[in-house]
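See structure below.
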Amino acid sequence: MAFAPSLRRASSRALSVYLPVPAEGFNARHYDVVIGHLVRRYRDRLGVEDREVMEREIPRVRVELELVRPAGSPALAVFADKPAGLLELIRLPVETDARLEVGPLLLAPIERLLERFPPALMAVVDKEEARIFAAILGEVVPLDHLIGNDIKHHGAGGASASSNQRKAANRAKANLTAFVSTIEREMRAGSYHRLYLAGPDEARAEFERLLPPGLKRMIAGHLSASLDSAQLQHQLRNQLQRAPNA
1 MAFAPSLRRA
11 SSRALSVYLP
21 VPAEGFNARH
31 YDVVIGHLVR
41 RYRDRLGVED
51 REVMEREIPR
61 VRVELELVRP
71 AGSPALAVFA
81 DKPAGLLELI
91 RLPVETDARL
101 EVGPLLLAPI
111 ERLLERFPPA
121 LMAVVDKEEA
131 RIFAAILGEV
141 VPLDHLIGND
151 IKHHGAGGAS
161 ASSNQRKAAN
171 RAKANLTAFV
181 STIEREMRAG
191 SYHRLYLAGP
201 DEARAEFERL
211 LPPGLKRMIA
221 GHLSASLDSA
231 QLQHQLRNQL
241 QRAPNA
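Counted from 1, the sequence shown has number 106 at position 106 by our numbering; the numbering is strictly sequential.
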């Protein structure tokens, strides 16, 4: 619920659907076939009221799939409850059988996956800024964008150059220390069990050096990403899927 707070709105009469995702990418025909098979399979198993819920929510699920056009994950879970204003699509990191249920949200399959793939925090750091993401079931969600003090670079030589370099180094350390504090606070909450780091080598190494021992032990790997990338979130998700500990 912490990662998809809209699920808290669900009533005891919601629709839960688990769907396999075609390997070749979004394919509307695939979902037509799979959903059509589910509806036929469950129509006679459901009572009148539950069947009405299914028939009300399935068109909303179809529209959401057309809008989102999900790809890049082996499976999906979709939760729908129109009276509660709920329509949530969650990508899953492993294949799943097609399944449909009406009632309280069917979350047990996701809870088992969270045990297998513990949520992680991702920090992309530079000397002046950092961006923090949550990695949940293979999905990457932005959490925070931290801006530190400017690090001035002067062209003066001699003693002035040395003094300016020390000031810049001190500002950089102060920024990275503040970024560490944010990570420590997020990890202390207990929602995340692993930590991935990315950013320029020098800044990332200094950031890692400043981490307390407990957080250092939670580092699961290093990723290659730059804060100035327009596709940063996409890059992180792709790399996370290939990471051996993901």
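Positions of the beta carbon are idealized from the N, C-alpha and C atoms, including for glycine.
Which of helix, strand or coil DSSP assigns to residue i
i	result
Glu57	helix
Pro284	Residue 284 falls outside the range modelled here, since the chain spans only 1 to 246, and no answer is possible.
Ala134	strand
Ala108	helix
Ser12	coil
Leu67	helix
Glu115	helix
Asp228	coil
Ser7	The question names Ser, but residue 7 is Leu in the sequence shown. Here Leu7 sits in helix by DSSP.
Leu236	helix
Pro22	coil
Glu95	coil
Residue interval of the beta strand (DSSP E) (run including residue i)
i	result
Glu88	Leu86 to Leu92
Leu223	Ile219 to Leu223
Ala123	Ala120 to Val125
Opposing strand residues paired with residue i [DSSP bridges]
i	result
Val17	Val78 and Leu100
Glu139	Ile136
Glu129	Ile147
Unbroken alpha helix (DSSP H) run spanning residue i, endpoints
i	result
Ala28	Ala28 to Arg43
8 Å Cβ cutoff, residue i in contact with chain D
i	result
Ala198	In the structure shown, chain D does not exist; there is a single protein chain.
**Message:** Please give the ranges of any alpha helix (DSSP H) in the region 143-207, keeping only runs that are unbroken, at least 4 residues long and fully inside the region.
**Reply:** Under the rule that a run must span 4 or more residues, the alpha helix (DSSP H) segments found entirely inside the region 143-207 read 158-188.
**Message:** I'd like to know if the region 52-68 and the region 120-129 are in contact, where contact means that at least 3 CB-CB pairs between them fall below 8 Å.
**Reply:** no
**Prompt:** Does the region 20-34 come close enough to the region 72-79 that 3 or more CB-CB pairs lie under 8 Å?
**Reply:** yes
**Message:** Under 8 Å, with one C-beta from each stretch per pair, do the region 168-185 and the region 85-99 reach the 3-pair mark?
**Reply:** no
**Message:** Could you check whether the region 49-58 touches the region 106-125, counting it as contact only if at least three pairs of C-beta atoms, one from each stretch, sit closer than 8 Å?
**Reply:** no
**Message:** Quick check: the region 100-110 against the region 8-22, are at least 3 beta-carbon pairs closer than 8 Å?
**Reply:** yes
**Request:** State whether the region 211-226 contacts the region 140-150, with contact taken as three or more CB pairs (one from each stretch) at a distance under 8 Å.
**Result:** no
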